[in-house]
Amino acid sequence: MGEVPKCVVFDLDNLTWYPEMYHLWGRKSGSPFRALPNGNVADRGGTEVYLMGAIRDILKDLDANEKWQHTTVAVASTCDEPEWARECMQKIIVDAASERPLEEYVAVSEIHKGSKSGHFHTIASQTGVKFEEMVFFDDQRYNCDVVSKLGVTCYLVPTGGVTQRVWNTMLETFPSPGNTISC
């Protein structure tokens, strides 16, 4: 493994978790969310919001492995229900042993309407990390196109979330500033 990114940024809906927040619209759906024994959450209608791919293991590795000690984790999301997303981040447990929620693994959270470009300018400002030293995982090509123009190495993951295979692809291809790699 070569150089590692100084900032790893994940989209939320349909990349970190499923379903997307707007899928929870309707009667008896959405907030409040309740914790489930498996670490995921369920909305008030009983729909489970679960972490996708290998995101739990990846976040634990980013947190505990010495090679990532100078890497910041961020989220950049334009989800339709930012407050619901924040609540899910507070209640979804990444590591059952420590009972640490998702929000404790994320240093910078940009969760609001607007462009991903704006999210990344804020993340860069808050972390001091250059765009060329960042990676971004998203399920939508448009978002990857916008962010890659800044110089970020992007990974388009249309289905299944960030799996170990996708993560390994990033480790093998980073840095690739301004490019979008389809996984």
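Per full-length UniProt numbering, residue 1 is the first one in the sequence shown, and the count goes up by one each step.
Idealized CB from N, CA, C, for every residue including glycine.
Within the same chain, and ignoring the five residues on either side of S182 in sequence, the residues whose Cβ sits closer than 7 Å to its Cβ are L156.
Counting only runs of 4 or more residues that sit fully inside the stretch 132-166, the alpha helix (DSSP H) segments are 141-148, in chain order. Here the alpha carbons of D63 and G151 stand approximately 25 Å from one another.
In the three-state DSSP reduction, D43 falls in the coil class, being neither helix nor strand. The alpha carbon of L24 has as its nearest neighbour, out of E81, A107 and D95, the alpha carbon of E81. Nearest Cα to E83 within the set E172, S109 and V135: S109. By the criterion of a C-beta distance shorter than 8 Å, K28 is surrounded in its chain by R44 and G45, once the five residues flanking it on both sides are discounted. A distance of 8 Å or more separates the beta carbons of P5 and M89. Closest in C-alpha terms to T72, from the list I123, T163 and A54, comes I123. The shortest CA-to-CA distance from K91 to any of Q69, F136 and L51 is the one to L51. One alpha carbon belongs to G114, the other to H121, and they sit about 12 Å apart. In this structure D13 is in contact with M21, their Cβ atoms being roughly 6 Å apart against a cut-off of 8 Å.
As computed with DSSP, S31 is found in no beta bridge at all. For C7, the uninterrupted beta strand (DSSP E) segment begins and ends at C7 to F10. When the five nearest sequence neighbours on each side are left out, the beta carbons in the same chain lying within less than 6 Å of the beta carbon of T169 are those of C183, in order along the chain. Look at S117 here: in three-state DSSP terms it is helix. Rounded to the nearest whole angstrom, the CA to CA distance from R100 to C154 is 28 Å. Within the DSSP bridge table, the entry for R100 names D95 as partners. A check of alpha carbon separations from Q69 across A54, C7, L15 and R56 identifies C7 as the nearest. One alpha carbon belongs to K130, the other to H112, and they sit about 22 Å apart.
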